[in-house]
Amino acid sequence: MSSITIRNLDERVKTGLRVRAAVHGCSMEEEVRRILRVAVEDDTGPADLVASIRARVEPFGGVELTLPSREPVREPPRFG
Numbered sequence: 325m326s327s328i329t330i331r332n333l334d335e336r337v338k339t340g341l342r343v344r345a346a347v348h349g350c351s352m353e354e355e356v357r358r359i360l361r362v363a364v365e366d367d368t369g370p371a372d373l374v375a376s377i378r379a380r381v382e383p384f385g386g387v388e389l390t391l392p393s394r395e396p397v398r399e400p401p402r403f404g
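Start counting the sequence shown at 325; every next residue gets the next number (our numbering).
In structure tokens:
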């Protein structure tokens with residue numbers, strides 16, 4: 325295992341970590357490990373929006389969308 329040192333941590337952040345750790349029944353150090361673990365795991369999901377949406381709807385059988393037909397582009401209005 326490796327370790328890191330965090331300097332210049334705001335006192336309110338440190339107090340918040342202490343409170344969170346107490347609520348979860350663990351040390352501040354363990355609470356920080358949990359927060360970092362979750363933050364890193366959240367970043368490992370699909371990077372693009374389409375893949376993310378597809379991953380969410382596939383377990384339900386997916387979604388079939390009917391796309392409306394496209395109309396030709398109209399001429400821009402002439403002013404003057």
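Note that the Cβ used here is the ideal one computed from N, Cα and C, for glycine as well. Predicted, not measured: the structure shown is a model, and the values here were computed from it.
Checklist entry - Do you know offhand how far Glu353's Cα is from Ala371's? => result So the alpha carbons of these two residues sit roughly 30 Å apart.
Checklist entry - Which value, in whole angstroms, describes the spacing of the CA atoms of Ser326 and Arg357? => result So the two alpha carbons sit approximately 12 Å from each other.
Checklist entry - How about Glu355 and Ala363: do their beta carbons lie closer than 8 Å? => result no
Checklist entry - Apart from the five residues on each side of it in sequence, which residues of its chain come closer than 8 Å, Cβ to Cβ, to Arg342? => result Met352
Checklist entry - Going by the CB atoms, is the gap between Val374 and Val381 shorter than 8 Å? => result no
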